[in-house]
Amino acid sequence: MQLVLQLKDERYLYVDGVTRPFDGKIKVKDDIIGYKVIYDAGKVKILNEHKVLIINNSSVVSHAILKEKIEKLNLYLFEDDNGTIYAYIGEIASPKFNFPYMIIHGIPISLGSKSEIISAVEKDYKVALYALEKFRNDVNIVNNSIISLVKFGKCEEAIKYYKELKVSDPEVSLAVAQCMESVGEELEALKIYSFLSEEKYRELESKIREKVNSIIEQYKKEGNIRLLNDAIKMLPTYDAPLIELGWYYVNKRKFDEAVKYFEEAVKRVPTFHNLLLYAWALIGSEDYKKALEIIDKAEKIKRNAGSAYIKGLALEGLNAPLQAEREFLYACREGIVDACMRIKSYRLYVPEPFDPSVWLGYVLYGYEVKQVLGNGGMGYVLLVERNGRKYAMKVMKKEYTFTEMLYEVAKMQEISKRSEHLVKIFASFLDENWTDYFSSPPAIIMEYMEGGDLRSILVDQEYSALRHSVKWPQVIAFVFSKLAKAVIEIHKEGYVHCDIKPSNILFNKKLPRYGEDALNALMSFDALPKLSDLGSSVKIGTPVMHYTPYYAHPLQRFGNKAETMFDVYSFTVSLYVSLTNNFPFPEWLENEIEEAVKSPEKRRQALEDFHNATPRLDYVPEEFKDLIMRGLKGEISMLEIDKKLEEILIENYNIDINNLKNEAEKLISY
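Going by the working numbering, the sequence shown wraps up at 1060, each residue one higher than the last.
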């Protein structure tokens, strides 16, 4: 190769590998630093049509051969298909001479080298933009290019290509979500975080909530209702602006309008107090029957003086004075003064509502009460001890009849014997004709599950490392394999559980916080998963009157007769939630099904939409996809689910399930 070059103020003649000074004239301008020449017998003929161009950050050449390196000038020479020479000043790692290169915004990249392209996009956002246009079918290049754009602060471009190319990689999604936050697309970012990072989701949700709270404060000062209407759209999971709007219309005595906003607040956050506000507005609009339905839902969460008072108002509106008085009496005793005004004063001359803490240190039926674990709607749960062993004692509140509890115990005690993975009932002490509630309350003795429930493991920050562990799918496969056997035993007894969900999956001991440790604890039977709340079980063929949203099959919600398919569905949803920390179907479908519960004429369409819906499986491990799809569609039995989970453990995770079965036999007599 024969060239004349001018670098800065120095001119050179390069002839066949030899570089020497050149005292002739060279026309250089912009990127032109020299020309090809013909050197003969000491004479130089410059070929003006064959330029030498310096490579800079705007240079883009799709195909050029690396010809030579001028060592003295640290200059690499490339030649394109038209004979133009490109000079690159700098270093090239492992240069390949006489090999084709592409030059992207000043960076030479050997043709076909994906690793060099990825390295280049990390150095210059312009290279990333070029790569996103030219290599959009290469997932790795696309992912790295978008991340590069985020790092260089090119958020609009990163978001554009992320959406345009429908990128699903978790790392890229999280990076783009940060960009979305910075450009005001907070709800889009929140959606990404909901799938990939609970911590980030909570942080952003808190940030948006603070903005909404500021708008509410502004509304309080200005009284401008448009502020609340704007705030509603900012965070679809936040109920505060809806509650404010509800109270706005209550104060104006426009209860029908208030009902709309309190109802929406309940859809967003079905908390106890939201349900009561909704019921209160319904009473104001004289829809007493609906109000009573809502209060009953609220009291499934808990029962207190407030719910009793509102329930009394609803019953009063339905012309049920005796039932209303019972509610007002309870509310009055708990300090609701308005309730006291609605009852006969002599009815108050009865003992105060019982405080279970008076039992602490007391011995009931030979069990010493150590702690009050819970205070639910119908009963107390006490931690008791006998002969150094801990149990849970469930005591029915004296305000209630014992019919339901007697029925629950009869079912639970028998069925709980069928599997080591069902919470066991050891004893019951029931007498409907009790006279001394303090010393001999109606009670049942159950297995104490000190490890808590699966739902806590799915949401608590303490278990973040476990949930993100590579062992997490194995942990879940193992847990649900055991639970499948428990459900099969319930079905053998002619019952359907009807309420399988993570909060009803308990552990006898606290599960370790790290994947390997948790799996070892389960495989060694140190930690046992068990299905609880057998009181929800319904005889096969009996209408189902209760359910948990999201987990219950639509037919169960519509009050159809119990069938084992209901448990298959809720078991599969629970498995899906445990693997992905999300629900399988979109929120609009859930809302449609719930709407159909209240409006029978909408059920056919809801069922059609349900059967046509396709669950999202991209975050479900490959080995679970077929099982989950068939379980959600009702195309598999619990026996088949049990078999499939065992296959996953053996074939995918190399867990010797047969050996573990032998170990389990030793525990059944426990």
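Where a beta carbon is used, it is the ideal one built from N, C-alpha and C, also for glycine.
Nothing here was measured: the structure is a model prediction, and the numbers come from that model.
*List the endpoints of the continuous beta strand (DSSP E) containing L456.*
The sequence position of residue 456 within the sequence shown is 66, counting from 1. Looking at the DSSP string, the run of the beta strand (DSSP E) that includes L456 is V450 to I460.
_V434 beta carbon less than 8 Å from that of V427_ = Here residue 427 refers to the residue found at position 37 of the sequence shown. Here residue 434 refers to the residue found at position 44 of the sequence shown. Yes, Cβ-Cβ distance for V427 and V434 is below 8 Å.
*asked:* Could you give the first and the last residue of the continuous alpha helix (DSSP H) run that contains E881?
replied: In the sequence shown, the residue the question calls residue 881 occupies position 491. According to the sequence as given, residue 881 is His; it is not Glu. Here the alpha helix (DSSP H) through H881 covers W862 to K882.
_Nearest-angstrom beta carbon gap, L1039 and S871 [assumed within contact, 8 Å]_ = Residue mapping note: residue 871 aligns to position 481 of the sequence shown, counting from 1. Residue mapping note: residue 1039 aligns to position 649 of the sequence shown, counting from 1. The Cβ separation is near 6 Å, so the contact holds.
*Leaving aside the five residues before and after L1035 along the sequence, list all residues of the same chain whose C-beta is less than 7 Å from its C-beta, in chain order.*
By one-based count along the sequence shown, residue 1035 stands at place 645. Only A867, F870, S871 and A874 meet the Cβ criterion.
*Would you kindly work out how many angstroms separate the C-alpha atoms of S538 and N447, rounded to a whole number?*
As a first step, residue 538 must be located in the sequence shown, where it is residue number 148. As a first step, residue 447 must be located in the sequence shown, where it is residue number 57. One C-alpha to the other measures close to 17 Å.
*Consult DSSP for I1045 and reduce its assignment to one of helix, strand or coil.*
Here the question's residue 1045 lines up with position 655 in the sequence shown. Correct three-state label for I1045: coil.
*Thinking C-beta only, is K457 closer than 8 Å to L465?*
To locate residue 465, count along the sequence shown from 1; it is residue 75. To locate residue 457, count along the sequence shown from 1; it is residue 67. Their beta carbons are not under 8 Å apart, which means L465 does not touch K457 by this criterion.
_Integer Cβ distance of L772 from L763, believed to fall under 8 Å_ = Residue mapping note: residue 772 aligns to position 382 of the sequence shown, counting from 1. Residue mapping note: residue 763 aligns to position 373 of the sequence shown, counting from 1. Rounded, the Cβ-Cβ distance is 6 Å, consistent with contact.
*What is the C-beta distance between I890 and D957, in whole angstroms, given that I count them as a contact (C-beta under 8 Å)?*
For the purposes of this step, residue 890 is identified with residue 500 of the sequence shown, where counting begins at 1. For the purposes of this step, residue 957 is identified with residue 567 of the sequence shown, where counting begins at 1. About 6 Å separates the two Cβ atoms, so the contact holds.
*Tell me which same chain residues have a C-beta within less than 8 Å of the C-beta of T932, skipping the five on either side of it?*
As a first step, residue 932 must be located in the sequence shown, where it is residue number 542. Only K951 and A952 meet the Cβ criterion.
*Per DSSP, what kind of secondary structure is R401 in: helix, strand or coil?*
Mapped onto the sequence shown, residue 401 falls at position 11. Strand, per DSSP.
*Count the other C-beta atoms from every protein chain shown that fall within 10 angstroms of the C-beta of Y736, then say buried if there are 16 or more, exposed otherwise.*
Walking along the sequence shown from the start, residue 736 turns up at place 346. Exposed, because fewer than 16 other Cβ atoms sit within 10 Å of the Cβ of Y736.
*Y959 vs H943 beta-carbon contact at 8 Å*: Within the sequence shown, residue 959 is the residue found at index 569, counting from 1. Within the sequence shown, residue 943 is the residue found at index 553, counting from 1. Yes, the pair counts as a contact, with Cβ atoms nearer than the cut-off.
*List the endpoints of the continuous alpha helix (DSSP H) containing Y853.*
One-based indexing of the sequence shown puts residue 853 at position 463. First-last for Y853: undefined, no H or E at that position.
*What does DSSP give as the partner residues of F468 in its beta bridges?*
The residue given as residue 468 occupies position 78 in the sequence shown. Paired residues: L456 and Y476.
_Distance, D907 Cα to F915 Cα_ = Residue mapping note: residue 915 aligns to position 525 of the sequence shown, counting from 1. Residue mapping note: residue 907 aligns to position 517 of the sequence shown, counting from 1. Going from the Cα of F915 to the Cα of D907 covers about 12 Å.
*In chain order, what residues of the same chain have a beta carbon less than 6 Å from the beta carbon of A621, not counting five sequence neighbours either side?*
Position 231 of the sequence shown holds residue 621. Closer than 6 Å at Cβ, skipping near neighbours: V602, I605 and P631.
_Span separating the alpha-carbon of Y1060 from that of G884_ = Position 670 of the sequence shown, counting from 1, holds the residue named residue 1060. Position 494 of the sequence shown, counting from 1, holds the residue named residue 884. In this predicted model, Y1060 has a pLDDT of only 44, less than 50, meaning its place in the structure is not dependable; the value taken from the coordinates is given anyway. If I take the Cα positions, the gap works out to 25 Å.
_Opposing strand residues paired with K951 [DSSP bridges]_ = For the purposes of this step, residue 951 is taken as residue 561 along the sequence shown, with counting starting at 1. K951 is bridged to P933.
*Contacting residues, own chain, Cβ-Cβ under 8 Å from R616 (five flanking each side not counted)*: Here residue 616 corresponds to residue number 226 of the sequence shown, with the count starting at 1. Taken in chain order, the list of residues that qualify is empty.
_With three or more C-beta pairs closer than 8 Å as the rule, is the stretch 437–451 touching the stretch 491–502?_
yes
*Pull up the DSSP beta-bridge partners for F897, would you.*
As a working note, residue 897 is residue 507 in the sequence shown. Per DSSP, P919.
*On a CA-only basis, which of K687, H440 and G841 is nearest L921? Give me that one, please.*
In the sequence shown, counting from the first residue as 1, residue 921 sits at position 531. Of the candidates K687, H440 and G841, the one whose C-alpha sits nearest the C-alpha of L921 is G841.
*asked:* For S500, list the residues DSSP reports as bridge partners.
replied: Residue 500 sits at position 110 when you count from the first residue of the sequence shown. Beta-bridge pairing links S500 to Y491.
*Rounded C-alpha distance that separates P741 from N898*: Indexing the sequence shown from 1 puts residue 741 at position 351. Indexing the sequence shown from 1 puts residue 898 at position 508. Residue placement at P741 is flagged as unreliable, the pLDDT there being 47, under the threshold of 50; the coordinate-derived value follows with that caveat. For P741 and N898, the distance between alpha carbons rounds to 38 Å.
*Might you give, ordered along the chain, the residues of its own chain that have their beta carbon closer than 6 Å to the beta carbon of E1041, omitting 5 neighbours on each side?*
Taking the sequence shown and counting its residues from 1, the one referred to as residue 1041 is at position 651. Excluding positions up to five away in sequence, the list is empty.
_Using the three-state DSSP reduction, which class does V557 fall into: helix, strand or coil?_
The count along the sequence shown starts at 1 and reaches residue 557 at position 167. Coil at V557, not helix or strand.
*Specify the secondary structure class of E835 as computed by DSSP and reduced to three states.*
Residue numbering aside, residue 835 sits at position 445 when the sequence shown is read from its first letter. Here residue 835 turns out to be Ile, not Glu, going by the sequence shown. It is a strand residue.
*Where does G613 sit, in a helix, a strand or coil, going by DSSP?*
Looking up residue 613 in the sequence shown gives position 223. G613: coil per DSSP, three-state reduction.
*Examine the Cβ distances between the stretch 569–588 and the stretch 525–545 and report whether three or more of them are shorter than 8 Å.*
yes
_Cβ neighbours of E578 in the same chain (closer than 7 Å, five flanking residues each side left out)_ = As a working note, residue 578 is residue 188 in the sequence shown. The residues are M570.
*Closest to A648 by CA distance: which of T661, A669 and K623 is it?*
Sequence index remark: in the sequence shown, residue 648 carries index 258 (1-based). Considering only alpha carbons, the answer is A669.
_Neighbour-count burial assignment, I1058, 16 or more Cβ in a 10 Å radius_ = Taking the first residue of the sequence shown as 1, we reach residue 1058 at position 668. Here I1058 scores only 45 on pLDDT, less than 50, and its place in the model is too uncertain to base an answer on.
*Looking only at its own chain, which residues have a Cβ that is under 7 Å from the Cβ of D559, when we skip the five neighbours before and after it?*
For this step, residue 559 is matched to residue 169 along the sequence shown. Once the five neighbours on either side are set aside, the close Cβ partners of D559 are N533.
*Range covered by the beta strand (DSSP E) that runs through V785*: Along the sequence shown, one-based indexing puts residue 785 at 395. Looking at the DSSP string, the run of the beta strand (DSSP E) that includes V785 is R779 to M786.
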